[in-house]
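S.K.: First the structure, then my questions, so here it is.
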Amino acid sequence: MRNTLQDQLLKAGLVDEKSVKQAKKEQHAAQQKVAKNKRHVEADEVKLAAQKALADKAEHDRLLNQQRNEQATQRAIAAQIRQLIESHRQSRGDGNVAYNFSDNKVIKKIMVSQKIIDQIQFGHLAVVRLDDKYELIPVRAAEKIRERDASCVIVCNPQQSGANVDDDPYADFRIPDDLMW
4 MRNTLQDQLL KAGLVDEKSV KQAKKEQHAA QQKVAKNKRH VEADEVKLAA QKALADKAEH
64 DRLLNQQRNE QATQRAIAAQ IRQLIESHRQ SRGDGNVAYN FSDNKVIKKI MVSQKIIDQI
124 QFGHLAVVRL DDKYELIPVR AAEKIRERDA SCVIVCNPQQ SGANVDDDPY ADFRIPDDLM
184 W
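Letter by letter, the sequence shown follows residues 4 to 184 of the numbering used here.
In C-alpha cells:
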C-alpha cells in the first residue's frame, strides 16, 4: 500500500477530497504541458536539423554543378584549340634543318626547311603544342589560341613590320639560331 503525502494529509484532516483531486488535476496538467513542450522542442530540433541538411545538400550540389561547368568549359576550350590547330596546320617544308626551341625549360627540336625558320623568326608562323606534338600555324591563329590557353603557344615571335623574307637586306648573312659548341 502506498502511503503518499496526500493520503497522510487527507487522514489528518488538513485537506479535503476536493482539494486533493484539484491538486492531482493541476499536477497532471503541468506534466502534460511539460511533455508537450518537450515534444515541441524535439520537433523543432528535428526540423532545424532537416533544414540544415537541406542547406548543406544544396551547397554541395551547387559546388558540384560549378565544378562540372568548369570542366565542361575547359573541355570546350580544349576542343576549340584542337580545331584551330588542326585547321591552320602548316607544312614543315622539306625538313632538312633543325629548329630548336624551349618548352617548359626543355629544349625541343623539329625538322623544318630554312624558309619555315625564316617565317618563324619574322613572326609569320608560330609553334604550338597539340598533345605531345608540335605544329606550325599562322600567327593570327596562334593569337586566338593564346586568348584561350597561353600554355599551348610555344614560340610566337612578334611580327616585324616591313621585314619580308624575300626583301631582307641581310639575307646573305645568316645568324645560326643553334650554335654547336
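Glycine included, C-beta positions come from ideal geometry on N, C-alpha and C.
1) Between I80 and the rest of its own chain, which residues show a CB-CB distance below 7 Å, the 5 nearest in sequence each way excluded?
2) DSSP three-state label for S94, please.
3) So the beta strand (DSSP E) K3 belongs to, where does it begin and stop?
4) Does the distance from the C-beta atom of I110 to that of N103 stay below 8 Å?
5) Looking only at its own chain, which residues have a Cβ that is under 6 Å from the Cβ of A166, when we skip the five neighbours before and after it?
6) Could you pull the start and end residues of the alpha helix (DSSP H) that D10 belongs to?
7) Helix, strand or coil: how does DSSP classify V158 here?
8) In this structure, does DSSP put D223 in helix, strand or coil?
9) Can you grab the Cα-Cα spacing for the pair N107 / I157, in whole Å?
10) Just grab the DSSP bridge partners of F176 for me.
11) Which of the three DSSP states is assigned to K108 in this structure?
12) If I measure Cβ to Cβ from L12 and keep anything under 6 Å in the same chain, skipping five residues before and after, which residues do I get?
13) Quick test of your reading: V115 and A129, contact by CB under 8 Å. State the CB separation rounded to the nearest angstrom.
14) Could you check whether I140 and Q93 sit closer than 8 Å to each other, using their CB atoms as the reference points?
M.R.: Based on what the coordinates show:
1) R151 and D152, listed in sequence order.
2) coil
3) What is shown of the chain runs 4 to 184, which leaves residue 3 out entirely.
4) yes
5) In this predicted model, A166 has a pLDDT of only 46, less than 50, meaning its place in the structure is not dependable enough to derive any value.
6) L8 to A15
7) strand
8) Because the chain in this structure spans residues 4 to 184, residue 223 falls outside the shown range and cannot be described.
9) 9 Å
10) According to DSSP, which records beta bridges pairwise, F176 is partnered with nothing at all.
11) Three-state result, K108: coil.
12) V18
13) With a Cβ gap of about 13 Å, V115 and A129 do not count as contacting.
14) yes
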